[in-house]
Amino acid sequence: MKIEQIIASATARAVYALYGTEVDENNCMPQKTKKEFEGNLTVVVFPFLRASKKAPEATAQEIGEYLLENEPTVASYNVIKGFLNLVIAPAHWAGVLHEIDSNARYGFTEVTPQSPLVMIEYSSPNTNKPLHLGHVRNNLLGYSLSRIMEANGNRVVKTNIVNDRGIHICKSMLAWQKWGNNITPESAGKKGDHLIGDFYVLFDKHYKAEVAALMAQGKSKEEAEASSPLMAEAREMLRRWEAGDEEVRSVWRMMNEWVYAGFDETYRRMGVDFDKIYYESETYLEGKDKVLEGLDKGIMYRKEDGSVWADLTGEGLDHKLLLRSDGTSVYMTQDIGTAKLRFIDYPIDQMIYVVGNEQNYHFQVLSILLDKLGFKWGKDLVHFSYGMVELPEGKMKSREGTVVDADDLMDEMERTARETSAELGKLDGCTAEEANEISRMVGMGALKYFILKVDPRKNMTFNPKESIDFNGNTGPFIQYTHARICSVMRKAAEAGIEYKKVDMTGVVPSEKEIDLIQRMASYPATVAEAGRTYSPAQIANYVYDLVKEYNQFYHDFSILREENENVRAFRLMLSVNVAKIIASGMSLLGIEVPERM
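One point on numbering: in the working numbering, the residue at position 16 of the sequence shown is 56, and numbering is uninterrupted.
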């Protein structure tokens, strides 16, 4: 039983024994004692004052005396107003460390065939441009969330919906046909997603020039945009695509394959993957069928112009368009179709959509519609709504080609990691291959940690230079601490020191060691809370706090030079398990930790 539960149970017994009142153990749960006070756990006694009919200090004093006499884990106590600070017996913490050491998957809940099935959708790229910094945050959040949900005992399916149809796709296709001269990724020496993105920007350049020329002839901006021949061609291409025109479809398939090859390379490098990929071109017709089914059942209604709508005024919203008057679908229709196919493919218990906060209303509506259409998880779907990510220079615009490309960003992170590591001597003695691998791990670790340590609901500014720092709340600082512990363990092995063969009975941990063990003991609760709140930031900041605590211990205490064999073995066990939790926590963020730096 966890020490918090032990103290809560003992406190409930104390209140009953002292005041004859039964209290819920959940109301007796202690919290970690603040650093400025002596103690490990603090019981707040204010909820018991009605039963005691005494002042807070007197109540705390009486409960403290009862615990000291009746609960062996309590070594001493002190009272600060209505707060009862308890010092837990050092022997208890030594036992906690041994429990942590014996559990290879400490902090994780085992997954069984009966575990709930959670599907997590993330990435959702368009096939008209490469992945950019905004996609990086989406992918890192989605992948980390999948690891956290699995650590909490869920079966997880990672899924992606690719937006591979629509006017934006036709813009890139039309630009390639007009100005591409049959160029291919191979002939250009360029990744396919980058090549297609260039044509998307090129279309916008020509379109703007065309609009400007029409405005120079006296048309208003709206008139010029409406009469643009280039945009009319793009719309005609979309019409032909939807009609199944083989000439348009063959170009579409070819260019999409170029993009998918590029995406796959970026995903591999980012360290994210998917169990199932859906394509909008395959789901939008399914959505149309589901909407028409809802129409037949009276869930939706048709207007005189033939368009199909849902009346959501009863839910405090408005009327939502689902099919246009010409029968074409909208994004909502596609999401309904994707939900239908997913429900056929998997017995989903919970669906989590990782999508930016600009889509909050969309998912509020989608939840209601899916519930009305009979999807059991519709009402409880989770929109993991996250804030936008910007650079110090401001927002990005893909049409103007001012986005920060994900591949370029990863190149820069690895290059900066190598330069910084070399300057600090972190690569001394490494082979070229080892230096490359460490630079990759540090660069990607810096990128991922910097993004994931921020509360996902908040907008954030990503600063590449700030992220690669071997001091402070950064990925490299955490990675270096892990490598430092691995170095200690290698030296111990070289000296023939094996902590598991030493009897540490009777070792009394110091206050600093107890602080460290107590923080390690809270790892399972942190993993659970991160799953409950869908927040990788909980894990990131927990690991950082653990690393800070360990580095203070490392600075103040000898490990291998400790002469007492039992104490030395205890500190080695402490170090090994800190490293285990660092690696475990960072793995939930999708971050690798090197053993040498």
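No residue lacks a Cβ here, since even glycine has one placed at the ideal position from N, Cα and C.
Identify every residue that forms a DSSP beta bridge with residue i.
i, result
"Y318", "I201"
"E161", "T199 and Y393"
"Y563", "Looking at the DSSP assignment, Y563 forms no beta bridge with any residue, so it has no partner."
"M500", "V429"
"H595", "Per DSSP, none; premise fails for H595."
"S639", "This structure cannot speak to residue 639, because the chain is shown only from 41 to 637."
"H172", "D445"
"N143", "None, per the DSSP bridge assignment."
"V83", "L124"
"N166", "N203"
"N192", "T149"
Does DSSP put residue i in a helix, in a strand, or in coil?
i, result
"F424", "strand"
"N110", "helix"
"K437", "Because K437 carries a pLDDT of 48, less than 50, the predicted location of this residue cannot be relied on, and the following value inherits that uncertainty. Residue state, collapsed to three classes: coil."
"K42", "coil"
"V395", "strand"
"E454", "helix"
"Q217", "helix"
"D543", "coil"
"K505", "helix"
"T521", "helix"
"Q154", "coil"
"L180", "helix"
"L431", "strand"
"E635", "coil"
"Y489", "helix"
"T149", "strand"
"I223", "coil"
"K72", "strand"
"A532", "helix"
"N617", "helix"
"D555", "helix"
"L58", "helix"
"R342", "strand"
"L332", "helix"
"A115", "strand"
"N606", "helix"
"N581", "helix"
Does the distance from the CB of residue i to the CB of residue j come in under 9 angstroms?
i, j, result
"T82", "L126", "yes"
"A535", "L600", "yes"
"L449", "N503", "no"
"A134", "I557", "yes"
"A457", "V429", "no"
"K493", "G311", "no"
"K75", "E97", "no"
"L185", "F610", "no"
"V291", "M213", "yes"
"L235", "I223", "yes"
"Y426", "P496", "yes"
"G546", "N617", "no"
"M544", "M484", "no"
"I518", "I622", "yes"
Taking the alpha carbon of residue i as the point to measure from, which residue in the options has its own alpha carbon closest?
i, options, result
"Y393", "G327, T199 and Y371", "T199"
"L409", "P112, L137, K330 and F610", "K330"
"Y539", "D358, V196, S615 and Y582", "S615"
"Y371", "D313, I525 and H402", "H402"
"S550", "Y117, H132, T73 and A100", "H132"
"K316", "A144, E161, I508 and A570", "E161"
"L107", "I47, G79 and F88", "I47"
"D509", "T573, F490 and V299", "F490"
"Q390", "Q404, S365, Q399 and L421", "L421"
"K652", "F424, S407 and R497", "The structure shown has nothing for residue 652, since the chain only spans 41 to 637."
"D375", "E398, E326 and R364", "E326"
"L629", "Q154, A191, M277 and E459", "A191"
"S624", "F88, I140 and N110", "I140"
"R524", "P634, Y324 and D445", "P634"
"Y590", "M295, L361, A619 and M529", "A619"
"Y594", "N221, H522, D366 and G258", "H522"
"M277", "S268, A115, V288 and I339", "V288"
"G147", "Y341, G571 and G104", "G571"
"G354", "M500, K541 and V405", "V405"
Less than 8 angstroms between the CB of residue i and some heavy atom of the ligand GTP, yes or no?
i, result
"D385", "Of ligands this structure carries none, so the ligand GTP is not represented either."
With a threshold of 9 angstroms between beta-carbons, can residue i be considered close to chain D, or not?
i, result
"K466", "The chain inventory of the structure shown lacks chain D, comprising one protein chain alone."
(message) Which runs of the beta strand (DSSP E) at least 3 residues long sit entirely within the region 252-295? Give them in chain order.
(response) The region 252-295 contains no complete beta strand (DSSP E) run of 3 or more residues.
(request) Please go through the region 347-409 and give each complete alpha helix (DSSP H) segment of 4 or more residues, from N-terminal end onward. (result) 371-385
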